[in-house]
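Residue numbers for the sequence shown follow full-length UniProt numbering, beginning at 1 and rising by one. Structure first, commentary second.
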Amino acid sequence: MASLEEMTNIGLKIMRSKLAPWQRIDALKTFFFPSTVHLMRMGTFQKTAWENIDNIIRPEIKATLYLPQEASSEYLYGSTNGGCCGIRMLAEDSDIAAVDSAFKLLTSPDGRVATDARSHIHTTTEKRIGRPPSTEEVALYLSGEDEGPFRAKRGTGVKSVWSCARMASKRNKVNWNFTNNSTIIKHMGVELKPKNVMRCNAHNAKQLQIKKECGPHTKSGPRQGNGVRRSPPRRDTLYKKRRLH
Numbered sequence: 001m002a003s004l005e006e007m008t009n010i011g012l013k014i015m016r017s018k019l020a021p022w023q024r025i026d027a028l029k030t031f032f033f034p035s036t037v038h039l040m041r042m043g044t045f046q047k048t049a050w051e052n053i054d055n056i057i058r059p060e061i062k063a064t065l066y067l068p069q070e071a072s073s074e075y076l077y078g079s080t081n082g083g084c085c086g087i088r089m090l091a092e093d094s095d096i097a098a099v100d101s102a103f104k105l106l107t108s109p110d111g112r113v114a115t116d117a118r119s120h121i122h123t124t125t126e127k128r129i130g131r132p133p134s135t136e137e138v139a140l141y142l143s144g145e146d147e148g149p150f151r152a153k154r155g156t157g158v159k160s161v162w163s164c165a166r167m168a169s170k171r172n173k174v175n176w177n178f179t180n181n182s183t184i185i186k187h188m189g190v191e192l193k194p195k196n197v198m199r200c201n202a203h204n205a206k207q208l209q210i211k212k213e214c215g216p217h218t219k220s221g222p223r224q225g226n227g228v229r230r231s232p233p234r235r236d237t238l239y240k241k242r243r244l245h
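See below:
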């Protein structure tokens, strides 16, 4: 299993290689970011560790794109629909992976896996509040609730997929709900049900990128250039225009 130092060195080697600038960015998206997914799902490192890697890689990305270091990072991490680069942030991806992993366990098509997951999350919540929890309290635990029975500081003993999902949900305002043996999560006004399980990770990543999409202050900034200002509102706009001609 790769260490944080090894992961950082891989990213730096890509960004400092002799590849063309666009090839470095493409290699980062194609090889580097996917290689971190397993470690994120396992909860191997804390979010702060991934954030440190982001901070180390960011100056290299700006240098590759010939951007001044004081240039807004929104151009790097914003949605490609808004003319930005769409580069992933490892710190945010770690939160998405934590929520997604818990959601997939609870909604697994394998009945035994789903049953064991529900039993485990009930046990974890019981350790947190000091008594057998209701279904609603389990949902509140995963949503990151700190009031009521969760006010008391009781540790669950060990770090688990549920504690990671709880903290990630709290940071990103993800709400959990259990109804009729069905698990539902709500994020930014969108509900994801068991039938949407394959979309959970992609949806959360897309929503966070849209949230970071370049705003007016970035487009009007004196050092941001004209690329974002002149980009179409959607990537498929030019394609549709070409088809019309």
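All residues carry an ideal CB built from backbone N, CA and C; glycine is no exception. Bear in mind that the values here come from a model prediction, so they are computed numbers and not experimental data.
| Asked | Found |
| --- | --- |
| Residues bridged to I185 [DSSP beta-bridge criterion] | W176, L192 |
| Member of S35, E60, K159 whose CA lies at the smallest distance from the CA of R128 | K159 |
| Buried versus exposed call for V99 [16 or more other C-beta atoms within 10 Å across all chains shown] | buried |
| Among V37, E126, N175, N181, nearest to E145 - alpha-carbon criterion | N175 |
| Proximity of M89 and D54 at Cβ, strictly below 8 Å | yes |
| Beta-carbon proximity check, A165 vs L140, cutoff 8 Å | no |
| Per-residue DSSP class, three states only, for S17 | coil |
| Local Cβ density within 10 Å of G111, reported as buried at 16 or more and exposed below that | exposed |
| Cβ-Cβ distance between S108 and A117 below 8 Å | yes |
| Where the alpha helix (DSSP H) containing S119 begins and where it ends | 111-129 |
| Member of T135, P149, L105 whose CA lies at the smallest distance from the CA of R41 | L105 |
| Counted within 10 angstroms of its Cβ, other Cβ atoms place E136 as buried (16 or more) or exposed | exposed |
| Residue interval of the alpha helix (DSSP H) (run including K47) | 47-64 |
| Inter-stretch contact at 8 Å, needing at least 3 Cβ pairs: the region 22-39 / the region 68-77 | no |
| Pair within 8 Å by beta-carbon distance, K47 and S94 | yes |
| Spatial neighbours of E126 in its chain, beta-carbon cut-off 7 Å, leaving aside the 5 residues before and after | P132, P133 |
| P5 versus A20, C85, V190, I57, residue with shortest Cα-Cα distance | Position check: residue 5 holds Glu in this sequence, whereas Pro was assumed. It is I57 whose Cα lies nearest to the Cα of E5. |
| Alpha-carbon spacing of S35 relative to A20, whole angstroms | 22 Å |
| Nearest-angstrom beta carbon gap, I10 and F32 [assumed within contact, 8 Å] | 6 Å |
| Residue burial classification, A152 (beta-carbon count within 10 angstroms, cutoff 16) | exposed |
| Residue of A168, V190, M188 minimising C-alpha distance to G43 | A168 |
| Exposed unless 16 or more other CB atoms sit within 10 angstroms - verdict on V138 | buried |
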